[in-house]
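Engineer: Okay, so the sequence shown: first residue is 1 according to full-length UniProt numbering, each after it adds one. No residue lacks a Cβ here, since even glycine has one placed at the ideal position from N, Cα and C.
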Amino acid sequence: MKIRNKEDCTYDCISLGEVMLRLDPGEGRVRTARSFQAWEGGGEYNVTRGLRRCFGLNTAVVTAFADNEVGRLIEDFILQGGVDTRYIQWKEYDGIGRNVRNGLNFTERGFGIRGAVGVPDRGTTAASQLKPGDIDWEEIFGRRGARWFHTGGIYAALSETAAEVTIEAVKAAQKHGTIVSYDLNYRPSLWKTIGGLKKAQEVNREIAKYVDVMIGNEEDFTASLGFEVEGVDENLSELPIESFKNMINNATKAFPNFKATATTLRAVKTATVNDWGAMAWMDGKFYESREYPALEILDRVGGGDSFASGFIYGLMVKGDPQAAVEYGAAHGALAMTTPGDTTMATLKEVEKVVSGGGARVVR
């Protein structure tokens, strides 16, 4: 995997995706809440924020907001995360959100036998209305330069034009030698009114032609790309490793442009206790992280995104697929011990976990 030199690029990584305002009822339920804590979050953005805040890399986000107080609040969160905001597009707000608005995501964390619940409210959002030609990719990848570009299946599912913008972006990144990573992140609710599973596979298989690093779990690969994995129970709580390896082998034969693939391995015991780990494929070899049995979870949202940022860091900075899968698994595990979509971990904490360090008090 040939990654562009740091000195030749303004950015280590740029992401394309929608960033929503997350409204979190804490230990309660959305349906009975009287107050919410506000965070920002979005599958693609979370990765670049993690690369900036935890791993110290220079990152930017490409997205759009309606220009009102909610949009400016989300921008303020992004600025706090240190992610460059120069590529945010601001759309004129019509006063009630009839033509354009900002996305909201009501998310409760779950506990024990009660699973986490997400209620997104993102119709007619500014980011979903981006269309080809709106973003100057030549400026981003050509004149300024980026070593890595990350986007995913959540953004591509938001609208027909969002899918077209994603394809436009990955083609431009490939043209300029930027590594492209894509998190399949299959969400049935996003696709069901715009063509369902058939449309999801049509869009994702087209995007996959331009992807260097494909990220996704077993459901993502089966639903989004159409590769079957046998032997998984109906709740996807137990994943047979060998079956998944066979599926990855089939996927890499169908898409020889894949230079690496990665997945988290999660067995859900309860909403707050999961077995956790990760696996990657690169150069014809499989790499597995250490196991995190019975990992205690405060907030699972964003764990996969934090895995992705740790994995990208391992490949970009360490140049080692085994290190990449270890950094990814450790970062994802730590991110799920704190509330909100985005990481609160430090590189020192990640490296402590990677090296086998425990949870003794730090004084």
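Given this structure, state the Cα-to-Cα distance separating lysine 253 from phenylalanine 227, to the nearest angstrom.
Structural biologist: Rounded to whole angstroms, lysine 253 to phenylalanine 227 spans 11 Å at the Cα level.
Engineer: To the nearest angstrom, how far is it from the Cα of threonine 124 to the Cα of methionine 344?
Structural biologist: Threonine 124 and methionine 344: Cα-Cα distance of roughly 31 Å.
Engineer: Please return the same chain residues whose Cβ sits closer than 7 Å to the Cβ of glycine 43, not counting the five positions on each side in sequence.
Structural biologist: Cβ within range, chain order: Gly17, Gly152, Ile154, Asp183, Asn185 and Asp305.
Engineer: Under a three-way DSSP split, which group does threonine 272 fall into?
Structural biologist: Of the three classes helix, strand and coil, the one that applies to threonine 272 here is coil, per DSSP.
Engineer: My understanding is that leucine 51 touches threonine 63, with C-beta atoms under 8 Å, so please give their C-beta distance in whole angstroms.
Structural biologist: With 8 Å as the limit, leucine 51 and threonine 63 do not qualify as a contact, their Cβ atoms being about 16 Å apart.
Engineer: Using the C-alpha atoms, what's the distance from glycine 95 back to glycine 216?
Structural biologist: About 39 Å.
Engineer: Would you check if there are 3 or more beta carbon pairs closer than 8 Å linking the region 165-184 to the region 123-141?
Structural biologist: In short, these stretches touch, since the Cβ pair count reaches three.
Engineer: With C-beta atoms as the reference, is glycine 303 less than 8 Å away from alanine 335?
Structural biologist: Going by C-beta atoms, glycine 303 is nearer than 8 Å to alanine 335.
Engineer: Distance check for glutamine 129 and glycine 103, CA to CA, integer angstroms please.
Structural biologist: Cα to Cα, the separation comes out at about 12 Å.
Engineer: Along the alpha helix (DSSP H) that carries alanine 250, what are the first and last residues, could you check?
Structural biologist: According to the sequence provided, residue 250 is asparagine. The question's alanine does not apply to it. Asparagine 250 -> alpha helix (DSSP H) spans 241-254.
Engineer: Cutting at 6 Å between CB atoms, please list the residues of its own chain near lysine 259, excluding the five before and the five after it.
Structural biologist: Cβ neighbours of lysine 259 beyond the five flanking positions: Met1 and Asp212.
Engineer: Locate the alpha helix (DSSP H) running through lysine 285, then write down its first and last residues.
Structural biologist: Counting along the chain, lysine 285 falls outside any alpha helix (DSSP H), though it belongs to the beta strand (DSSP E) covering 285-288.
Engineer: Answer with buried or exposed for glycine 56, where buried requires no fewer than 16 other C-beta atoms within 10 angstroms of its C-beta.
Structural biologist: Classification of glycine 56: exposed, given that the 10 Å Cβ count is below 16.
Engineer: Let me check one thing: in DSSP terms, what residues is glutamate 44 bridge-paired to?
Structural biologist: Glutamate 44 pairs with nothing; no bridge assigned.
Engineer: Do you know how far the Cα of leucine 347 is from the Cα of isoleucine 312?
Structural biologist: Taking the straight line from one Cα to the other gives about 14 Å.
Engineer: For tyrosine 45 versus alanine 66, is the C-beta distance shorter than 8 Å?
Structural biologist: Result no, Cβ atoms of tyrosine 45 and alanine 66 do not sit closer than 8 Å.
Engineer: Assuming tryptophan 39 contacts arginine 53 under a Cβ cut-off of 8 Å, what Cβ separation, rounded to an integer in Å, is found between them?
Structural biologist: About 13 Å separates the two Cβ atoms, so there is no contact after all.
Engineer: Could you spell out where the beta strand (DSSP E) holding asparagine 105 opens and where it closes?
Structural biologist: Taken as a continuous stretch (DSSP letters only), the beta strand (DSSP E) holding asparagine 105 covers 104-108.
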